[in-house]
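**Q** Residue numbers (the working numbering): 89 to 706.
1. Short of 8 Å in beta carbon distance, which residues of its chain neighbour residue 334, apart from the five on each side in sequence? Order them along the chain.
2. Would you call the region 567–578 in contact with the region 658–668, where contact means no fewer than 3 C-beta pairs closer than 8 Å?
3. If you follow the beta strand (DSSP E) that residue 433 is part of, which residue opens it and which one closes it?
4. If you draw a straight line from the alpha carbon of residue 374 to that of residue 385, how long is it in whole angstroms?
5. Could you tell me whether the region 149–166 touches the region 122–137, where touching means 3 or more Cβ pairs closer than 8 Å?
6. Does the Cβ-Cβ distance between residue 589 and residue 560 come in under 9 Å?
7. Under the three-state reduction of DSSP, which class applies to residue 228: helix, strand or coil?
8. Could you check the C-alpha separation between residue 484 and residue 694 for me, to the nearest Å?
9. Alpha carbon to alpha carbon, what distance is there between residue 249 and residue 268?
10. Is DSSP giving residue 95 helix, strand or coil here?
11. With distance defined between alpha-carbon atoms, name the residue in 275, 278, 262 and 312 nearest to residue 291.
12. What are the boundary residues of the alpha helix (DSSP H) that includes residue 702?
13. Go ahead and label residue 689 buried or exposed: buried means 16 or more other beta carbons lie within 10 angstroms of its beta carbon, across all protein chains shown.
14. Starting from the Cα of residue 616, find the closest Cα among 257, 228 and 553 and give me that residue.
15. Three or more C-beta pairs closer than 8 Å, one from the region 442–461 and one from the region 487–505: is that the case here?
16. For residue 364 and residue 410, I'd like the C-alpha separation in whole angstroms.
17. Given that a residue counts as buried once 16 or more other Cβ atoms are within 10 Å of its Cβ, and exposed if not, what is residue 583?
18. Report all residues from its chain with a CB closer than 8 Å to the CB of residue 125; omit the five preceding and five following residues, and keep chain order.
19. When you compare each of 574, 698 and 594 to residue 613 by their alpha carbons, which one comes out closest?
20. Give me, in chain order, the residues of the same chain whose beta-carbon lies closer than 6 Å to that of residue 610; leave out the 5 immediate sequence neighbours on both sides.
21. In or out: residue 495 buried (at least 16 other Cβ within 10 Å) or exposed?
22. Whose C-beta lies closer than 7 Å to the C-beta of residue 451 among residues of the same chain, with five residues either side of it excluded?
23. Identify whether residue 584 lies in helix, strand or coil by the three-state DSSP scheme.
24. Rounded to the nearest angstrom, what separates residue 397 and residue 179 at their Cα positions?
25. Measuring alpha carbon to alpha carbon, tell me which residue in 406, 338, 696 and 182 is nearest residue 639.
26. Taking only beta-carbon atoms, is residue 140 less than 9 Å away from chain C?
27. Relative to the alpha-carbon of residue 431, which residue among 477, 204, 296 and 648 has its alpha-carbon at the smallest distance?
28. Between residue 477 and residue 462, which are expected to be in contact by the criterion C-beta below 8 Å, what is the C-beta distance as a whole number of angstroms?
29. Please report how far the alpha carbon of residue 196 lies from the alpha carbon of residue 340, in whole angstroms.
30. Could you give the uninterrupted runs of the beta strand (DSSP E) lying entirely in the region 144–214, keeping only those of 3 residues or more?
31. Consider the C-beta atom of residue 254 and the heavy atoms of the ligand SAH; say whether any pair is separated by less than 8 Å.
32. Excluding sequence positions up to five away, which residues of its chain have a Cβ less than 8 Å from the Cβ of residue 672?
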């Protein structure tokens, strides 16, 4: 079938415009169409199918175009002219739009090109200004050198001229004496002696040898200003924006400082493929912070930093853990960066575990600590379990590598030399991280360096003293750095300063000692020397009350206590003021019997659950 487009192409010259269709006469078009015939039926193409856009004969209508809208050529041509005219106008609009963009691009090219000269001029101006300032500083310094040197030379010259005058008088007197002695006349010698001796006595008495030495020191030196050299080496940086991928560099993260609930993140933004900073107006940067395990993001506020090429992002988190910082600069998404929001019971009210570490090796986890290289140390009834921070690569020791079998391991603390001090049934064991027994301290009993079911253990990083909660002796036994006996805290009883099965110990930043007085349902505070200070807590299920408090840890001077019967963690200040409690069984990731707890250097809290046989990370 011949198409209308084909007829148009054959009928019009190459330079023919669509708008010229308005000048054609309808009868000429009809005649051209009627001169064509159907290749199948050899009949005139006097119909036009609007669906197929084909010229057809009347026999083609029922055969190949049944159900289509087919009109006579006379009716079709005006409508198609209108369609062509409409498309032509749309193309014209697009062409005008493109032309405006071409003009905009040309204008941008001009501005960018002009920036080359402008920025170069700024650099040269700054360099000349720096040279002028250095030259001015040079002249000032040289003038000061002249002034200082002259100030030192004037008194030196004055003193020298005075001494030279005295020296001249002495030489003159010596010459007179010499002439007198050489003259040989006795009468002349006697007369000269009468005259010269008083003069020489006067000259000698006027000499003060203590004031003859120069007091002005030749100590003038040039003190170079390092900032000047830095400016000379590095005049500045260039910043520009490109439609390229950007890399975000996290320079610092400041969390909850000065008792503020916000997190402040300082970042710089660089292009991935260009040696330049990405500098954009703060309004053109979108900042979102993705909390862990939550779909809804937090919108961050962004502002310029105090240092060039740096931005400060501020946001208020609602949970702890690793957040992802997402920046979109000029509609280009930058690489996401992790930000660790530490555990903070004051500002973060929604506290839930961020991870749960499970292992078939855990049966009755009691004590928990962590080394500086983020190795988890778990005392599990009669064995020692060592894991990485994610709970992988476990090492299990039921006895030391040199044959000492564990009886009832309750807690452990990391020593300054990277080993472990562990409380066992009746003694304290020093064990290396690879399971070798290094020292066995104490034995069963109630005397010095004797123990009866020791539980919690804490090492003072400053003094090296070791604090042991001696459970069934109802006391805290303190050892020196060399593990010799130092002193006791407390006796059995309910009075203040006394204990009923103390379970855990911890030290604050001032060196004060805090003890979980388990069966008295309270926390007691002592000075470093062992004097009782105060207590807080009372028996009960309400917030701020305690029921069988067990282990205790202090982080940023907040006290965290695991409670057996309340199945939760309570938080207090070091002054005993209640902050909040979390982790009970009705909440997400609820605790059943929380026991040991510790913090890592990122501020995450780890709690081992005796009944759930796992470690919760907050």
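Each residue gets a CB set at the ideal place from its N, CA and C atoms; glycine is no exception.
**A** Answer, in terms of the structure:
1. If we look at residue 334 and ignore the five residues flanking it on each side, its Cβ neighbours are 357, 358, 359, 360, 366, 415, 417, 420, 422 and 423.
2. Contact fails: fewer than three Cβ-Cβ distances are below 8 Å.
3. Premise fails: residue 433 is in no beta strand (DSSP E) and is neither H nor E.
4. Roughly 12 Å between the two C-alpha positions.
5. Cβ pair count under 8 Å is three or more, so yes.
6. Going by C-beta atoms, residue 589 is nearer than 9 Å to residue 560.
7. Residue state, collapsed to three classes: helix.
8. Taking the straight line joining both Cα atoms gives about 19 Å.
9. Rounded to the nearest angstrom, the two C-alpha atoms are 29 Å apart.
10. With a pLDDT of 42 at residue 95, under the threshold of 50, the modelled position of this residue cannot be trusted; read the value that follows with caution. Of the three classes helix, strand and coil, the one that applies to residue 95 here is helix, per DSSP.
11. The candidate whose alpha carbon is nearest that of residue 291 is 262.
12. Run containing residue 702: none in the alpha helix (DSSP H); it sits in the beta strand (DSSP E), 702–705.
13. Counting other Cβ atoms within 10 Å of its Cβ, residue 689 stays below 16 and is therefore classed as exposed.
14. In terms of Cα proximity to residue 616, the closest of 257, 228 and 553 is 553.
15. Output reads yes: the region 487–505 touches the region 442–461.
16. When the Cα atoms are used, residue 364 and residue 410 turn out to be separated by approximately 29 Å.
17. Residue 583 should be labelled exposed.
18. Only 131, 132, 133 and 145 meet the Cβ criterion.
19. That would be 594, whose Cα lies nearest to the Cα of residue 613.
20. Correct list, in chain order: 623 and 625.
21. Exposed, since its Cβ has fewer than 16 Cβ neighbours within 10 Å.
22. Annotation for residue 451: 468, 469 and 701 place their beta carbon closer than 7 Å to its own, counting only its chain and skipping 5 residues before and after.
23. Coil.
24. Pairing residue 397 with residue 179, the inter-Cα distance amounts to about 45 Å.
25. Of 406, 338, 696 and 182, the residue nearest in Cα terms is 696.
26. Absent from the structure is chain C; it holds one protein chain and no more.
27. Comparing alpha carbon positions, the residue from 477, 204, 296 and 648 closest to residue 431 is 648.
28. About 4 Å; that satisfies the 8 Å criterion.
29. Rounded to the nearest angstrom, the two C-alpha atoms are 37 Å apart.
30. Runs of the beta strand (DSSP E) inside the region 144–214: 158–160.
31. The ligand SAH is not among the ligands present in this structure, which contains no ligands whatsoever.
32. Correct list, in chain order: 654, 655, 656, 678 and 679.
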